[in-house]
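What follows is a short report on a single structure.
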Amino acid sequence: MEFSLSAIANQVDTWLHANCASWLALTIEFVIVGLLCIALFAVLGLVLIMMERKVSAYMQLRLGPNRVGPKGMFQTLADTLKLLVKEGLTPNGADKFLFNLAPFIVMIAAMLVLAPIGFAKDFVIWDINIGVLYISAISSIGVIGILMAGWASNNKYSLLGAMRSGAQIVSYELSAGLSILTIVIFTQDMSMGQIVASQADGWWIWKGHIPVIISFIIFLIAVTAETNRAPFDLAEAESELTAGFHTEYSGMKFALFFLAEYVNIFIVCAVGATLFLGGWMPLHIGNWADFNRIMDYIPSSVWFFGKTFFLIFVIMWFRWTFPRLRIDQLLNLEWKYLLPISMFNLLLATFIAIQGWYL
Amino acid sequence: MFITKYLSEVFGGLRSLLTGMRRTGYYFTHHKNIITQQYPNEKPVLAERFRGEVVMLHDDNNEHACTGCTACELACPNATIKIVTKFDLTPEGKKKKAIDKFVYHLELCTMCNLCVEACPTGAITMAPNFEHSVLNRNELTKVLNKPGSKIREGVE
């Protein structure tokens, strides 16, 4: 029997509908989905932080965490425990309501983006017909939480960090959106499910050749900036602003910001994998029937997570290779280079789509 | 031409970024380059001239080369060394100055190496021992000449 997430989901669905009233079944399903999201976030936080620490260590010729558990695998668990028992301090001069609300806004914004992402074949929370639009709209809500945190902290460093983050996300949202549009032009559909389905005979990065490769590179740069990660981590800028917008946060509230950063990385990489690398679609090469059948044996969820983690690794690779940009260099890069190139690229993609020069 | 300059900037930038990524990618896949020394489990590789503490050199006959001239004591910038002298009787019946105790306060020492440079007979040197933690501060005050040791013949 083949492993498939959608089969499990269908079984749960039929069982619930056979045993409860339909409204109750729906409510229970909502609760299950919510719990699964939270569980996914918790696991992602632990795994990604561990992965980041190990990747950074090996890239800097270090060993990384290697004391807690086998090969240091429980280090992040221990860190989380420490944060859980730490006092969540609220500074005296802070706006208490906004200060305590901000981490949740950031987390909720990250959580909402999960809805249209297909984790496996026929396994998606809500396949909206405007999935791409929804993602680019919701992903910019997170910055409100960051601005809120910076403003409510009543601290100059926090405010500066939050303002930088705002400027950064406003500018990089444009080129991220334009690079996503390239794929929308080729598929002529905004639903994530349709975009994945259109890549059954080859991923867009092969099928769309030049314009898609350009937009893939621009997408990677723009989402690195949008998630406030090095080399674009001006919002935190340890050496200048101590920790930027989360300077005043401690304990679990800090942990929520930290978790949101890694969850956001996962989400943008999942979106990138869905748009450019075919989501859960296995790697199929032309008419090599045997090769394609072997690839089909690998479960679709493995394909999805494999591609996503590959992109996450690439983004970590950026982070531990490049030094941080100054704010003027950051805005120059966006407005003088990425935006003109992605606009030109959009034109090129439209031309190629009209001429039908893609595979 | 503006557009060629612009494009060459873009491609030059991309190439330099890829060069950096190739280097870190090489490090990521080649673990033999790792420079971390896991100290309590493996002894660290120390530099040849590592300065950990001042020691007095003794040979197999329990003899040292310290004449008690106090050059090191005078050279020391923060009074780390205190030399207590005594007078030995030579076989001819003459009195001769010799050290009784070479007191060394490790807790005051900054490892500046001035005492070693000042020593005219090469009696003291810096040892590469850095594990100096003790439970009582008094244990850091050391007597460097071993009990029963005496000055080597012919050292003046």
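If you read the protein sequences in the order shown, they are chains A and B.
Residue numbers for the first sequence follow the working numbering, beginning at 1 and rising by one.
Residue numbers for the second sequence follow the working numbering, beginning at 1001 and rising by one.
Idealized CB from N, CA, C, for every residue including glycine.
A quick note: this is a predicted structure, and the numbers were derived from the prediction, not measured.
Can you determine whether any heavy atom of the ligand NAD sits closer than 7 angstroms to the C-beta of Val-1010(B), and answer yes or no?
Absent from the structure shown: the ligand NAD. Ligands present: none.
Name the chain B residues whose beta carbon is nearer than 8 angstroms to that of Leu-61(A)?
Tyr-1027, Asn-1033, Ile-1034, Ile-1035 and Thr-1036
Return helix, strand or coil for Lys-1082(B), following the three-state DSSP convention.
strand
So which residues on chain B does Trp-320(A) lean against when the C-beta distance must stay under 8 angstroms?
Thr-1024
Please compile the residues from chain B whose C-beta is within a distance smaller than 9 angstroms of the C-beta of Trp-357(A).
Per Cβ cutoff of 9 angstroms: no residues; Trp-357(A) is ~22 angstroms from chain B at best.
Are three or more beta carbon pairs between the region 53-60 of chain A and the region 1020-1029 of chain B nearer than 8 angstroms?
yes
Check whether Pro-91(A) and Ser-165(A) have beta carbons under 8 angstroms apart:
no
Rounded to the nearest angstrom, what separates Ile-1081(B) and Arg-67(A) at their Cα positions?
41 angstroms
Please state whether DSSP places Gly-88(A) in a helix, a strand or coil.
coil
Under 8 angstroms Cβ to Cβ from Lys-207(A), same chain only, skipping five residues before and after it: list those, please.
Phe-186, Gln-199, Asp-201, Tyr-358 and Leu-359
Short CB-CB distance (under 8 angstroms) between Met-1056(B) and chain A:
no
Identify the contact partners of Met-1001(B) in chain A, using a Cβ-Cβ distance below 8 angstroms as the criterion.
The premise fails here: Met-1001(B) is roughly 16 angstroms from chain A at the closest Cβ pair, so nothing lies under 8 angstroms.
Determine whether the Cβ of Tyr-337(A) lies closer than 8 angstroms to any Cβ atom of chain B.
yes
For Lys-71(A), three-class secondary structure by DSSP:
helix
Same chain only: Cβ atoms within 8 angstroms of Lys-1140(B), ignoring 5 sequence neighbours per side:
The residue asked about is misnamed: residue 1140(B) is Leu in this sequence, not Lys. Closer than 8 angstroms at the Cβ level, and outside the excluded window around Leu-1140(B), lie His-1105, Leu-1106, Glu-1107, His-1132 and Val-1134.
Pro-116(A) versus Gly-193(A), Lys-54(A) and Val-31(A), residue with shortest Cα-Cα distance:
Gly-193(A)
Answer yes or no: does any C-beta atom of chain B fall closer than 8 angstroms to that of Tyr-58(A)?
yes
Please work out which residues of its chain come closer than 7 angstroms, Cβ to Cβ, to Glu-1156(B), disregarding the five sequence neighbours upstream and downstream, and give them in chain order.
Thr-1067
Exposure label - His-246(A); buried when at least 16 CB within 10 Å
buried
Which chain A residues sit within Cβ distance under 7 angstroms of Met-1021(B)?
Trp-317 and Thr-321
At which residues does the beta strand (DSSP E) containing His-1105(B) begin and terminate?
1095-1105
Short of 8 angstroms in beta carbon distance, which residues of its chain neighbour Ser-250(A), apart from the five on each side in sequence? Order them along the chain.
Lys-86, Glu-87, Gly-88 and Leu-89
Beta carbon proximity, Val-68(A) to chain B, threshold 8 angstroms:
no
Give a yes or no on whether 8 angstroms exceeds the smallest Cβ distance from Val-212(A) to chain B.
no
If we ignore side chains and look at the alpha-carbon of each, how far apart do Met-1(A) and Pro-299(A) end up?
Confidence is the limiting factor: at Met-1(A) the pLDDT is only 47, short of 50, which leaves the residue's position unreliable and the question unanswerable from this model.
Compare the Cα-Cα distances from Gly-45(A) to each of Asn-100(A), Gln-355(A), Phe-74(A) and Ala-353(A) and report the closest residue.
Phe-74(A)
With a 10 Å radius around its C-beta and 16 neighbouring C-beta atoms as the bar for buried, classify Cys-20(A) as buried or exposed.
exposed
Which residue or residues does DSSP assign as beta-bridge partners of His-1064(B)?
Ile-1151(B)
Measure the C-alpha to C-alpha separation of Phe-306(A) and Phe-119(A) and round it to an integer number of angstroms.
Phe is not the amino acid found at residue 306(A); the sequence shown has Gly there. For Gly-306(A) and Phe-119(A), the distance between alpha carbons rounds to 11 angstroms.
Where does Gln-355(A) land, buried or exposed, given buried means 16+ other C-beta within 10 angstroms?
exposed
Selection of the region 31-61 of chain A by Cβ proximity to chain B, strictly under 9 angstroms:
Val-55, Ala-57, Tyr-58, Met-59, Gln-60 and Leu-61
Please work out which residues of its chain come closer than 7 angstroms, Cβ to Cβ, to Pro-1044(B), disregarding the five sequence neighbours upstream and downstream, and give them in chain order.
Gln-1037
If we call anything under 8 angstroms between Cβ atoms a contact, is Gly-244(A) one with Gly-161(A)?
yes
Look at the alpha carbon of Leu-181(A) and the alpha carbon of Asn-1041(B), and state the distance between them as a whole number of angstroms.
55 angstroms
Ala-1123(B) and His-1064(B) - do their beta-carbons sit closer together than 8 angstroms?
yes
Per the DSSP calculation, Ala-120(A) is bridged to which residue(s)?
Phe-123(A)
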